[in-house]
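Reading through the structure tokens given below for one structure.
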Amino acid sequence: MQSDIKRLSLILLFAPFALWLLLLIILPHIGIVALSLREKVAPRVYEFGFGNYIDFIQEPIYWNTLLRTGSMSILVTVLALLIGFPIAYYIAKIAGNRSRGALFLLCLIPLWVSDLIRAFGWILLLRETGVVSTFLQNTGLVSQPIEFLYNDVTVVIGLVYTVILFMIVPLVSTLDGMGDDMIEAGYNLGGSGFTVLRKIIVPYAMPGIVSGCIVVFMLTAGSYLTPILLGGKNSSWFTEQIYDQFITRFNWESGAAFGFLLLAFTSLVVWLGLKLTGQTLANTVAKS
Amino acid sequence: MAVATQNKALLFGYRAYVIAFFIFLAAPLVAAGTFAFNDSLFPALPWQGFTLDWFFNDTDPQLGMFHDRRLLRGLYYSAIIGVLVSSLSVFVGTCNAFLFVRGDFPAKNFFYILMVLPLVIPGVILGISILVMASNIANGLEDNYGIELEFLRPGILLVVLGQFSFVTTITSLVITARLKKFDYTMEEAALNLGASRLQVLRTVTLPFLRPAMIAAGIVAFLVSFENFNTTLFLVGSESPLTITMFDRMAKVGSTPVLNAVSFFLIVGSGLLALISVVIQRDKSGG
Chain A
1 MQSDIKRLSL
11 ILLFAPFALW
21 LLLLIILPHI
31 GIVALSLREK
41 VAPRVYEFGF
51 GNYIDFIQEP
61 IYWNTLLRTG
71 SMSILVTVLA
81 LLIGFPIAYY
91 IAKIAGNRSR
101 GALFLLCLIP
111 LWVSDLIRAF
121 GWILLLRETG
131 VVSTFLQNTG
141 LVSQPIEFLY
151 NDVTVVIGLV
161 YTVILFMIVP
171 LVSTLDGMGD
181 DMIEAGYNLG
191 GSGFTVLRKI
201 IVPYAMPGIV
211 SGCIVVFMLT
221 AGSYLTPILL
231 GGKNSSWFTE
241 QIYDQFITRF
251 NWESGAAFGF
261 LLLAFTSLVV
271 WLGLKLTGQT
281 LANTVAKS
Chain B
1 MAVATQNKAL
11 LFGYRAYVIA
21 FFIFLAAPLV
31 AAGTFAFNDS
41 LFPALPWQGF
51 TLDWFFNDTD
61 PQLGMFHDRR
71 LLRGLYYSAI
81 IGVLVSSLSV
91 FVGTCNAFLF
101 VRGDFPAKNF
111 FYILMVLPLV
121 IPGVILGISI
131 LVMASNIANG
141 LEDNYGIELE
151 FLRPGILLVV
161 LGQFSFVTTI
171 TSLVITARLK
181 KFDYTMEEAA
191 LNLGASRLQV
201 LRTVTLPFLR
211 PAMIAAGIVA
221 FLVSFENFNT
231 TLFLVGSESP
241 LTITMFDRMA
251 KVGSTPVLNA
261 VSFFLIVGSG
271 LLALISVVIQ
281 RDKSGG
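As you go down the protein sequences, you meet chains A and B in turn. According to full-length UniProt numbering, the first sequence holds residues 1 to 288 in order. According to full-length UniProt numbering, the second sequence holds residues 1 to 286 in order.
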């Protein structure tokens, strides 16, 4: 009797979970794989085949865009880690008790503001008639307006800005758990600042680092707004290609193939990252 | 305090770096918000004087956001979608928390990883996969049975489903973290005092989870409200606010009314984020 109730409640709890994953994650993904393997041979006539993938390989613009998106996303991830780690360390370990909470809150608030508004802010700052250009002219540093938008450096800055808080927040929660005595012990044993960082702090923060890197990489590679708004029409971001295939050309088969390639590519990078650092998805992303 | 920071010059440099970072963090938000108060038709310098017209004025060309029909409609749809997504995802998230903290079933670790997975799928792909599936079902029904199901075409329902698909992971993680801290002896005590299982759930366990559920709901609402990537592919004629704003930015060209909306949203999400943090911190150990 007791075990029957247990089993029933387990089934009742499992049902929403299973429905959610099956109907909204698993089946739709099988769906795009199936769609990507469909070739159009005549109007409303389709055949099974790898044509959409062959098209992708034969058109350098497509795979160049994917490689470009991937390498720029890795660059953004590395920059976000290098810029964000000292900030997270400061918040978790150096700031006084009261300012710690305030600084952490200051980090959380922009996290919840839409990418669109953040990109909009950058546009107002950086465009030819924008704040920075006007300021430089008024101070006499430059004689003509400068256009800072629509180049790769700006796109990278904008992307780092958009994702860096997803790096800092998990890092702060991981570093918070580390006792100061561990660091002091490192110094007492004669370690230099760099040794302590390399041998004690970084290994301890590893789950946070990996978690931050995964989320940041995925968000960057999958972002659409920031590259388009800051990079202009020729930002060549892979999500733009997917949008183009789906909405502009209405070529869903090839769009599905592109989508699957993006998913496969990002999954591969995440898997490699987890393997190289000896972490798992459950003890990194799920903890943050 | 760590020994490394006793070097004064180093600490000073470190502080300067942290300050510079927070300026970098605030600059675009300040820019997006400030121009809402500029009495000019363009969100750009020079400063033409302070005005509240971009919020309250009711005539063109300086039409304020509270009189701009399209923006208000976007806000309305965003709010509806946000409420639906957060209630659905808090419900399923709570079930998931009980399932993974209390339940015992084969391949639990595998299912746990499956639950986390949606967080690492690019939003664009969630969007297209759900679009493809819904269209397949709709087309199949139409071609074979002549049934036209309008709700499976891009529109509010698909947007809600698309956002729900990954927001649920977030709510599940927040609520699971709280449930893990629950002290079982409280439930046992209630059972010993003669309460039924359902009563225990209602009077002991759920009240303990409530802060996490509210915080998760707020986070879900905010994520839904600002989502763009998934929504972009699923949106029908009822555009939520981010899509409406993007269209205007890309096509019509921006006026400070977009800054007014930005200001409104920055303050709104800031307040909501603050509430969610306070609620979770309340009653210890959030």
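Quick reminder that beta carbons are idealized off the backbone N, C-alpha and C, glycines included.
So, is the C-beta of residue i closer than 7 Å to a C-beta in chain B?
{"i": "alanine 88 of chain A", "result": "no"}
{"i": "proline 16 of chain A", "result": "yes"}
{"i": "tryptophan 20 of chain A", "result": "yes"}
{"i": "isoleucine 11 of chain A", "result": "no"}
{"i": "proline 227 of chain A", "result": "no"}
{"i": "isoleucine 32 of chain A", "result": "yes"}
{"i": "tyrosine 224 of chain A", "result": "yes"}
{"i": "glycine 118 of chain A", "result": "Here residue 118 of chain A is arginine; the residue named in the question, glycine, does not match the sequence. Chain B contact via Cβ: present."}
{"i": "leucine 24 of chain A", "result": "yes"}
{"i": "tryptophan 237 of chain A", "result": "no"}
{"i": "serine 114 of chain A", "result": "yes"}
Is there a Cβ from chain A that is less than 7 Å from the Cβ of residue i?
{"i": "alanine 4 of chain B", "result": "Per-residue confidence for alanine 4 of chain B stands at a pLDDT of 48, beneath the threshold of 50, marking its modelled position as unreliable; the derived number appears in the next sentence. With 7 Å as the cut-off, alanine 4 of chain B counts as an interface residue toward chain A."}
{"i": "isoleucine 266 of chain B", "result": "yes"}
{"i": "serine 87 of chain B", "result": "no"}
{"i": "phenylalanine 263 of chain B", "result": "no"}
{"i": "phenylalanine 208 of chain B", "result": "no"}
{"i": "asparagine 229 of chain B", "result": "yes"}
{"i": "serine 284 of chain B", "result": "The predicted model places serine 284 of chain B with a pLDDT of 46, which falls under 50 and marks its position as unreliable, so this point remains unresolved."}
{"i": "glycine 140 of chain B", "result": "no"}
{"i": "leucine 72 of chain B", "result": "no"}
{"i": "glycine 217 of chain B", "result": "no"}
{"i": "serine 224 of chain B", "result": "no"}
{"i": "alanine 9 of chain B", "result": "no"}
{"i": "isoleucine 113 of chain B", "result": "yes"}
{"i": "serine 129 of chain B", "result": "yes"}
Who are the near neighbours of residue i in its chain, counting only those whose CB is closer than 6 Å to its CB and skipping five residues on each side?
{"i": "isoleucine 87 of chain A", "result": "Ile168"}
{"i": "valine 267 of chain B", "result": "none"}
{"i": "threonine 171 of chain B", "result": "Ser89, Val90, Gly93, Ala216 and Ala220"}
{"i": "tyrosine 53 of chain A", "result": "Ala257"}
{"i": "glycine 82 of chain B", "result": "Phe221, Ser224 and Phe225"}
{"i": "serine 284 of chain B", "result": "Unreliable positioning characterises serine 284 of chain B in this predicted model, as indicated by a pLDDT of 46, which lies under 50. The coordinate reading is nonetheless provided below. Hits under 6 Å: none found."}
{"i": "glutamate 147 of chain A", "result": "Glu128"}
{"i": "glycine 51 of chain A", "result": "Glu39"}
Could you pull out every residue in the same chain whose Cβ sits closer than 7 Å to the Cβ of residue i, ignoring the five residues on either side in sequence?
{"i": "threonine 169 of chain B", "result": "Met115, Val116, Pro118 and Leu119"}
{"i": "alanine 2 of chain B", "result": "Confidence in alanine 2 of chain B is poor, its pLDDT being 47 and thus under 50, which makes the residue's placement too unreliable to answer from."}
{"i": "glutamate 47 of chain A", "result": "Glu39 and Val41"}
{"i": "cysteine 213 of chain A", "result": "Thr77, Leu81 and Gly273"}
{"i": "leucine 261 of chain A", "result": "Phe56 and Leu66"}
{"i": "valine 163 of chain A", "result": "Val76, Ala80, Val216, Leu219 and Thr220"}
{"i": "glycine 58 of chain A", "result": "Before going on, a small fix: residue 58 of chain A reads as glutamine here, not glycine. Counting only Cβ-Cβ distances below 7 Å, and skipping sequence neighbours, we find nothing."}
{"i": "leucine 161 of chain B", "result": "Ile130"}
Which first and last residues belong to the alpha helix (DSSP H) in which residue i is found?
{"i": "tyrosine 187 of chain A", "result": "180-188"}
{"i": "valine 132 of chain B", "result": "123-145"}
{"i": "glutamate 226 of chain B", "result": "206-226"}
{"i": "serine 165 of chain B", "result": "156-180"}
{"i": "residue 295 of chain A", "result": "In this structure chain A extends from 1 to 288, so residue 295 of chain A is not present and cannot be described."}
{"i": "tryptophan 47 of chain B", "result": "Note, tryptophan 47 of chain B: premise wrong, no alpha helix (DSSP H); not H, not E."}
{"i": "arginine 98 of chain A", "result": "97-111"}
{"i": "glutamate 128 of chain A", "result": "Neither: glutamate 128 of chain A is in no alpha helix (DSSP H) and is coded neither H nor E."}
Hey, residue i and residue j are a contact pair by Cβ (cut 8 Å); roughly how many whole angstroms apart?
{"i": "isoleucine 175 of chain B", "j": "alanine 216 of chain B", "result": "6 Å"}
{"i": "valine 124 of chain B", "j": "tyrosine 224 of chain A", "result": "6 Å"}
{"i": "threonine 205 of chain B", "j": "glutamate 188 of chain B", "result": "The Cβ separation is near 12 Å, so there is no contact."}
{"i": "methionine 72 of chain A", "j": "valine 156 of chain A", "result": "7 Å"}
{"i": "valine 196 of chain A", "j": "isoleucine 183 of chain A", "result": "6 Å"}
How about residue i and residue j: do their beta carbons lie closer than 7 Å?
{"i": "valine 92 of chain B", "j": "tryptophan 20 of chain A", "result": "yes"}
{"i": "glutamate 238 of chain B", "j": "tyrosine 77 of chain B", "result": "yes"}
{"i": "threonine 266 of chain A", "j": "methionine 206 of chain A", "result": "no"}
{"i": "phenylalanine 98 of chain B", "j": "leucine 165 of chain A", "result": "no"}
{"i": "threonine 226 of chain A", "j": "glycine 273 of chain A", "result": "no"}
{"i": "isoleucine 214 of chain B", "j": "isoleucine 121 of chain B", "result": "no"}
{"i": "proline 46 of chain B", "j": "glycine 121 of chain A", "result": "no"}
{"i": "isoleucine 218 of chain B", "j": "leucine 265 of chain B", "result": "no"}
{"i": "leucine 141 of chain B", "j": "leucine 149 of chain B", "result": "yes"}
For the beta strand (DSSP E) that residue i lies in, which residues bound it at each end?
{"i": "residue 354 of chain A", "result": "As displayed, chain A neither begins before 1 nor continues past 288, which places residue 354 of chain A out of reach and without an answer."}
{"i": "valine 41 of chain A", "result": "38-42"}
Using a Cβ-Cβ cutoff of less than 8 Å, which residues in the same chain neighbour residue i once the five nearest sequence positions on both sides are dropped?
{"i": "histidine 29 of chain A", "result": "Leu263"}
{"i": "serine 35 of chain B", "result": "One point to set straight first is that residue 35 of chain B is phenylalanine, not serine, in the sequence displayed. For phenylalanine 35 of chain B, where only same-chain residues beyond five positions count, the Cβ hits under 8 Å are Pro43, Ala44, Pro256 and Asn259."}
{"i": "alanine 32 of chain B", "result": "Asn259, Ser262, Phe263 and Ile266"}
{"i": "aspartate 58 of chain B", "result": "Gly64 and His67"}
{"i": "threonine 5 of chain B", "result": "Low per-residue confidence applies at threonine 5 of chain B: pLDDT is 49, beneath 50, and the placement is therefore not dependable enough to give any value."}
{"i": "residue 374 of chain A", "result": "Limits of chain A in this structure are 1 at one end and 288 at the other, which puts residue 374 of chain A out of reach."}
{"i": "leucine 41 of chain B", "result": "Pro61, Gln62, Thr255 and Pro256"}
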